[in-house]
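Novice:
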Amino acid sequence: MSHLLEMVNGTFAYRDYENIFENINFSVDKGDIFCILGSNGAGKTTLLKCLNGLMKMRYGEVLFKGKNINTMDHAELSQGIGYIPQIHNSIFPFTVLDVVLMGRSPHLELFSSPGEKDIKIAENSLKEMGISHLAQTPYTEISGGEQQLVFIARILTQQPEVLILDEPTSHLDFGNQVRTLNTIENLTKKGISVVMSSHFPDQTFLSGTKVALMKGKNFLEVGSPEEVITEENMKELYGIPVKIVDLPQRRACIPLK
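Be aware that the sequence shown starts at 1007, since it is given in my numbering, and climbs by one per residue.
1. When DSSP builds the beta bridges, which residues end up paired with Lys1073?
2. Return the chain-ordered ranges of every beta strand (DSSP E) run that is complete within the region 1181-1240 and spans a minimum of 3 residues.
3. Using the C-alpha atoms, what's the distance from Phe1070 back to Glu1012?
4. Counting along the chain, where does the alpha helix (DSSP H) carrying Ser1131 start and finish?
5. Taking buried to mean at least 16 other C-beta atoms within 10 Å of its own C-beta, is Phe1229 buried or exposed?
6. Hey, out of Ile1235, Ile1026, Ser1111, whose CA is closest to Thr1051's CA?
7. Taking the alpha carbon of Ile1030 as the reference point, which residue from Leu1057, Asn1046, Ser1008, Tyr1023 has its own alpha carbon closest?
8. Look at the alpha carbon of Pro1247 and the alpha carbon of Cys1041, and state the distance between them as a whole number of angstroms.
9. Tell me where the alpha helix (DSSP H) around Ser1084 begins and ends.
10. If I measure Cβ to Cβ from Lys1221 and keep anything under 8 Å in the same chain, skipping five residues before and after, which residues do I get?
11. Are the beta-carbon atoms of Met1202 and Pro1174 separated by less than 8 Å?
12. Helix, strand or coil: how does DSSP classify Lys1249 here?
13. In its own chain, which residues sit with a C-beta less than 7 Å from the C-beta of Gly1197, not counting the 5 before and 5 after it?
14. Given a threshold of 16 other Cβ atoms within 10 Å of its Cβ, counted over all protein chains shown, does Asp1252 qualify as buried or as exposed?
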């Protein structure tokens, strides 16, 4: 039985330069939250773009339901996999609702417009992210944190089976970080799978079923948060001492001086 999403012997390099990552293997199944941790420049963003077909690997393949994504057309791939980059600026004053509605494009016929069903799906996504009040606000007039929430709503409107999120809590205040992580966890309860990158090991204890530590062109370790987020691994990954503590409801990763 094939996995929902799988990378097999993934190897990437820019033209003839040294490999950014090599021989990476991992799989994601229905309802998983697969979180990739690593320092700046480790290759996390590049790997996520390869998973979505935005960048082509030197060797290896990415499989969606056992099918090589390089053989899938854009609409088919977009219906299965949604992607949110770190930066998503717009120079056009679309309303927030218009931006979220763009997530329906993979489901529409060429030159057709969104219908009542599409608008309802977009409105429900705005509600789920707690930003319904911004629906008629120009996207260019809201804060960076609000724009991040809008793009998560847009990807929910796309209704993919896998969400690929590049640092989804960046630019968000503490409250919205927690709300976003809770939303991600709720989505997986509906059967949606998530692959995300993060700079915050502590977030894996809030929402994460699998964690991969990316260092030295490959994964240092892959497993559950409890197995992977250790004081020794964090010291090796980030070069700083941390303390793993058990709180009443979960574990926490605390940096030390």
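Note that the Cβ used here is the ideal one computed from N, Cα and C, for glycine as well.
The structure displayed is predicted, hence computed values, not measured ones.
Specialist: Judging by the given coordinates:
1. On the sequence shown, position 67 is the one that residue 1073 refers to. Answer by DSSP bridge pairing, in chain order: Phe1070.
2. 1199-1204, 1216-1221, 1224-1229
3. The count along the sequence shown starts at 1 and reaches residue 1012 at position 6. The count along the sequence shown starts at 1 and reaches residue 1070 at position 64. For Glu1012 and Phe1070, the distance between alpha carbons rounds to 7 Å.
4. What you label residue 1131 is simply residue 125 of the sequence shown in a count that begins at 1. Counting along the chain, the alpha helix (DSSP H) containing Ser1131 begins and ends at 1122-1134.
5. Taking the sequence shown and counting its residues from 1, one reaches residue 1229 at position 223. For the sequence presented, residue 1229 should be read as Gly rather than Phe. When all chains shown are included, Gly1229 counts as exposed.
6. Mapped onto the sequence shown, residue 1051 falls at position 45. Measuring from the Cα of Thr1051, the nearest candidate turns out to be Ile1026.
7. If you number the sequence shown from 1, residue 1030 lands on position 24. Closest option to Ile1030, Cα to Cα, is Leu1057.
8. Start at 1 with the first residue of the sequence shown, and residue 1247 comes out as number 241. Start at 1 with the first residue of the sequence shown, and residue 1041 comes out as number 35. Their Cα atoms are separated by approximately 21 Å.
9. By one-based count along the sequence shown, residue 1084 stands at place 78. Segment 1080-1086, the alpha helix (DSSP H) holding Ser1084.
10. As a working mapping, residue 1221 is identified with position 215 in the sequence shown. Here the set comprises Gly1044, Ser1045, Ala1048, Glu1242, Leu1243.
11. Counted from its first residue, the sequence shown places residue 1202 at position 196. Counted from its first residue, the sequence shown places residue 1174 at position 168. Taking 8 Å as the Cβ cut-off, Met1202 and Pro1174 qualify as a contacting pair.
12. Numbered from its first residue, the sequence shown carries residue 1249 at position 243. Strand at Lys1249.
13. Numbered from its first residue, the sequence shown carries residue 1197 at position 191. Once the five neighbours on either side are set aside, the close Cβ partners of Gly1197 are Lys1036, Gly1037.
14. One-based indexing of the sequence shown puts residue 1252 at position 246. Classification of Asp1252: exposed, given that the 10 Å Cβ count is below 16.
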